[in-house]
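Residue numbers (my numbering): 743 to 882.
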């Protein structure tokens, strides 16, 4: 048979990095949570409506979902998908088939999201400059 076509997605923020390698659609995003941003306006832009007051940790988590989705599919998720993610949904029908979303918050101060076609176990996240440990890496 034919060799698989490998894809890579990577992201970094303030010394923390993540990378995914796989054969289907995939995307990863890392964001530092502590940087003040106009989250209400940002999410409102993608939702097409005012989301009302939003917690910055939650908003950053949704932002990493948006970025990871874009990297996986090449397009921003439609407002319905964003609403589903905000409601806690983790499995979606995407433009390239079924997609799963995983978010990882074990690394204090950072939000990390993965969107990929595979159902589970996409990769390990490792804090740059550190060795894998229960504090700096986790299987998703």
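We put the CB at the ideal spot given by N, CA and C, even for glycine.
No experiment lies behind these values; they were computed from the predicted model shown.
_Element boundaries [alpha helix (DSSP H), containing residue 821]_ = The residue given as residue 821 occupies position 79 in the chain shown. Element bounds for residue 821: 821-828.
*For the putative contact between residue 859 and residue 769, defined by C-beta atoms under 8 Å, what is the C-beta separation to the nearest angstrom?*
Counted from its first residue, the chain shown places residue 859 at position 117. Counted from its first residue, the chain shown places residue 769 at position 27. Under the criterion of beta carbons closer than 8 Å, residue 859 and residue 769 do not qualify as touching, at roughly 10 Å.
*C-alpha gap between residue 818 and residue 748, whole angstroms*: In the chain shown, the residue the question calls residue 818 occupies position 76. In the chain shown, the residue the question calls residue 748 occupies position 6. About 22 Å.
*So the beta strand (DSSP E) residue 756 belongs to, where does it begin and stop?*
Numbered from 1 along the chain shown, position 14 holds the residue referred to as residue 756. Annotation: residue 756 is outside any beta strand (DSSP E) and is labelled neither H nor E by DSSP.
_Span separating the alpha-carbon of residue 774 from that of residue 743_ = Here residue 774 corresponds to residue number 32 of the chain shown, with the count starting at 1. Here residue 743 corresponds to residue number 1 of the chain shown, with the count starting at 1. Counting only the Cα atoms, residue 743 lies some 42 Å from residue 774.
*Start-to-end residues for the beta strand (DSSP E) that takes in residue 809*: Numbered from its first residue, the chain shown carries residue 809 at position 67. Careful: residue 809 lies outside any beta strand (DSSP E), inside the alpha helix (DSSP H) at 798-815.
*Just reading off the alpha helix (DSSP H) that residue 782 is part of, what are its end residues?*
Within the chain shown, numbered from 1, the residue matching residue 782 stands at position 40. Here the alpha helix (DSSP H) through residue 782 covers 781-789.
_Residues bridged to residue 748 [DSSP beta-bridge criterion]_ = In the chain shown, residue 748 corresponds to position 6, counting from 1. Answer by DSSP bridge pairing: none, since residue 748 is not bridged.
_Three or more C-beta pairs under 8 Å: does that hold for the stretch 837-856 against the stretch 801-820?_
Result yes; three or more Cβ-Cβ pairs closer than 8 Å.
*For residue 751 versus residue 806, is the C-beta distance shorter than 7 Å?*
The residue labelled residue 751 in the question sits at position 9 within the chain shown. The residue labelled residue 806 in the question sits at position 64 within the chain shown. Cβ atoms of residue 751 and residue 806: not closer than 7 Å.
_On the criterion of 16 or more Cβ atoms from any shown chain inside 10 Å, does residue 833 qualify as buried, or is it exposed?_
Locating residue 833 in the chain shown gives position 91, counting from the first residue. That one is exposed.
_Rounded separation between residue 849 and residue 839 - CA only_ = Translated into positions along the chain shown, residue 849 becomes position 107. Translated into positions along the chain shown, residue 839 becomes position 97. Cα-Cα distance, rounded: 30 Å.
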